[in-house]
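In my numbering, the protein residues as written are 665 to 1019.
First up is the structure itself, then whatever we jot down about it.
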């Protein structure tokens, strides 16, 4: 299967990052008009932008639902960075549900999240391995984090097939390059000196210049990382985000996107209401530059980010807060944003309850 696949024709409903929030997904599909079997009376079909799993209460249920929709031909899905972590066996905060040793539960975290049925691990891995990295049609592109022409071209031209095989090959090439680079030695020394503090949000963390250079190189040298996690560059100061101190910053790549074809992405934690981002563990610059939550992005106003931060709903539960995070969908070609509890016009910017 090609890693850059053809997008469905016809009217679409593009679903943002789900992060294991099965109730929000079911509510959203109902509001969009889909039946239990995934059919729509108007012939619409679904496209998921990735990050189906992790942090939320029931990642297995979300995967089961989406697998059924994809296999029945009612949906497509691209690979997100959270799925990539699962494929690579990378231990990250919030993905303990998948592994035999649940590192999250061992640390007293996510203890209410449903664990995987061990008999389903191989099925989930096979499904994730088969997912494309991007979808492309004549009038629309879909990728989890970044439509990066050079990275897309390298994926198309790759001599190996399979996401993990491609990823591993590029990682091996990168490690050889880093070993020959003086920054690798400097970064290793910095990690030895500050490694114990990297996951302490209260640490007085200095900027680690060699670590920053290595992290940028590691991100940008692997096309799969770029497509699933975006463009990153050395930051001006360290910041704490998603469980660790970071020396590189995400880049608002859409401000440099010059193509006419619109792009739909997730990944970037858009907030439907004003919030203290740092209070939700999301440090670093606000990439949206004051744009309203339903406003298309970039110089050409043709990049649509539909991640409305439902991946932080677990924190709202822990704090007993009313939900301000949302699971969102973009209706195409209408360019209308629909939430699991609200519908919003991306053109007019008005908000109305749906009863």
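Just so you know, even glycine gets a beta-carbon here, dropped at the ideal spot from N, CA and C.
Report task. Below 8 Å on the Cβ atoms is my guess for residue 972 versus residue 936; work out the distance and round it to an integer in Å. Result -> With 8 Å as the limit, residue 972 and residue 936 qualify as a contact, their Cβ atoms being about 5 Å apart.
Requested in this report: Check each candidate in 853, 725, 860 and name the one with the smallest Cα separation from residue 761.
Outcome: 725
Query raised in the report: If you draw a straight line from the C-alpha of residue 912 to the C-alpha of residue 871, how long is it?
Result: 10 Å
Query raised in the report: Should residue 886 be listed as close to the ligand FMN, given that the test is whether its C-beta is under 7 Å from any heavy atom?
Result: Absence of the ligand FMN is noted for the structure shown, with no ligands found whatsoever.
Query raised in the report: Who are the Cβ neighbours of residue 1014 in its own chain at under 6 Å, not counting the five residues just before and after it?
Result: Because the pLDDT at residue 1014 is just 38, under 50, the model does not fix this residue reliably, and the value given afterwards should be weighed accordingly. Hits under 6 Å: none found.
Query - At least 3 beta-carbon pairs within less than 8 Å: the segment 844-858 vs the segment 699-707 - result: no
Report task. Could you give the DSSP three-state label for residue 726: helix, strand or coil? Result -> helix
Report task. Starting from residue 883, follow the alpha helix (DSSP H) in both directions and report where the run begins and ends. Result -> 873-884
Query raised in the report: When DSSP labels each residue in this structure, what does residue 859 get in the three-state scheme?
Result: Residue state, collapsed to three classes: helix.
Query raised in the report: What is the residue span of the alpha helix (DSSP H) that residue 811 lies within?
Result: Taken as a continuous stretch (DSSP letters only), residue 811 belongs to no alpha helix (DSSP H), as it is neither H nor E.
Query raised in the report: Hey, how far is the Cα of residue 841 from the Cα of residue 806?
Result: C-alpha separation (whole angstroms): 31 Å.
Report task. Please list the segments of the beta strand (DSSP E) lying wholly inside the segment 731-801, counting only runs of 3 or more residues, in order along the chain. Result -> As far as the segment 731-801 is concerned, its whole beta strand (DSSP E) runs of at least 3 residues are 739-741, 798-801.
**Report entry** Close Cβ partners of residue 825 (< 6 Å) along its chain, the five nearest in sequence each way excluded
**Finding:** none
Query raised in the report: Does DSSP put residue 848 in a helix, in a strand, or in coil?
Result: helix
Requested in this report: State the start and end residues of the unbroken alpha helix (DSSP H) segment that holds residue 893.
Outcome: 887-893
Query - Inside the segment 953-1010 only - alpha helix (DSSP H) runs reaching at least 4 residues - result: 977-982
Requested in this report: Report the residue ranges of all beta strand (DSSP E) runs contained in full by the segment 674-723; include only those spanning at least 3 residues, in chain order.
Outcome: 676-679, 709-712
**Report entry** Where residue 929 falls, given that 16 or more other Cβ within 10 Å makes a residue buried
**Finding:** buried
Query raised in the report: In terms of residues, what are the limits of the alpha helix (DSSP H) holding residue 834?
Result: 827-843
Requested in this report: Starting from residue 822, follow the beta strand (DSSP E) in both directions and report where the run begins and ends.
Outcome: Premise fails: residue 822 is in no beta strand (DSSP E) and is neither H nor E.
Query raised in the report: Who pairs with residue 903 in a beta bridge, going by DSSP?
Result: 910
Query raised in the report: Helix or strand or just coil, what does DSSP make of residue 666?
Result: Of the three classes helix, strand and coil, the one that applies to residue 666 here is coil, per DSSP.
Query - Nonlocal neighbours in the same chain, by C-beta distance under 8 Å from residue 882, ignoring five residues either side - result: 838, 842, 889
Report task. Write down the C-beta distance between residue 672 and residue 719 rounded to the nearest angstrom, noting that I regard them as a contact closer than 8 Å. Result -> About 28 Å separates the two Cβ atoms, so there is no contact after all.
Query raised in the report: Which whole-angstrom value describes the C-beta separation of residue 895 and residue 812, a residue pair presumed to lie in contact below a C-beta threshold of 8 Å?
Result: 7 Å
Requested in this report: Assign residue 992 to one of two classes, buried (16 or more other C-beta atoms within 10 Å of its C-beta) or exposed (fewer than that).
Outcome: Taking every protein chain shown into account, the CB of residue 992 has 16 or more other CB atoms within 10 angstroms, so this residue is buried.
**Report entry** Assigned secondary structure, residue 925 (DSSP; H/G/I helix, E/B strand, else coil)
**Finding:** Here residue 925 sits in coil by DSSP.
Requested in this report: Could you tell me the distance, in whole angstroms, from the CA atom of residue 919 to the CA atom of residue 848?
Outcome: 31 Å
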